[in-house]
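Peer 1: Each position in the sequence shown, counted from 1, maps to that position plus 229 in our numbering. C-beta: ideal position from N, C-alpha, C; glycine also.
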Amino acid sequence: MTAVNELLDNVKIRLNLASDMALAERLTVTRSLVSRWRKGDTPLADERIAQICALAKLDGPTWIAMIHAERATSATERALWRLMLDRMSAAAAVVALVALSMPGLANAKTAQIQAVSAADNGGMYIMFP
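1. Do Glu299 and Ala232 come within 7 Å of each other at the CB atom, strictly closer than that value?
2. Sorted by chain position, which residues of the same chain lie with C-beta nearer than 6 Å to His297's C-beta, five sequence neighbours on each side aside?
3. So, is Val327 buried or exposed, given that buried needs 16 or more other C-beta atoms within 10 angstroms?
4. Which of the three DSSP states is assigned to Lys268 in this structure?
5. Could you give the DSSP three-state label for Asn245: helix, strand or coil?
6. Buried or exposed: Met295, going by 16 or more other Cβ atoms within 10 Å of its Cβ?
7. Of all Cβ atoms in chain D, is any one closer than 7 Å to the Cβ of Ala319?
8. In whole angstroms, what separates the C-alpha of Gly269 from that of Met313?
9. Closest to Ala320 by C-alpha separation, out of Thr291, Leu256, Asn239, would be which residue?
10. Near Leu173, which residues of its chain fall below 6 Å by C-beta distance, leaving aside the five closest residues on each side in sequence?
11. On the three-state DSSP scale, how would you describe Thr305?
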């Protein structure tokens with residue numbers, strides 16, 4: 230269960246927690262339950278994955294897909310979860326490209342204000358105390 234261990238380690242780093250005991254306290258579970266998650270003795274429920282991801286501000290759907298892909302018992306099931314993971318990654322890439330390709334939108338209002346204030350119209354500036 231490397232994906233589960235990776236998730237738990239990422240959460241510990243993000244929340245600046247020194248140990249699994251500190252993580253267990255933060256999640257209000259026992260230390261032994263965290264240990265069983267790490268060993269794969271107790272599966273990490275989707276609801277708990279969502280809670281953990283929300284706590285550390287991680288992408289829950291991606292982690293759920295990664296963990297399910299690793300847990301899958303058949304090649305067909307594994308392929309399905311990998312496909313979902315690939316599609317989510319592609320969708321995230323498209324959103325990032327769109328956001329990065331339009332940096333001018335954030336500065337549009339600023340440019341408009343500067344254009345108006347640059348006009349030599351003899352404007353008057355009033356300063357309040």
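Peer 2: Judging by the given coordinates:
1. yes
2. Trp310
3. exposed
4. helix
5. coil
6. buried
7. Protein chain content of the structure displayed is limited to a single chain, and chain D is not contained in it.
8. 23 Å
9. Thr291
10. The displayed coordinates of the chain run from 230 to 358. Any statement about residue 173 would go beyond what the structure contains.
11. helix
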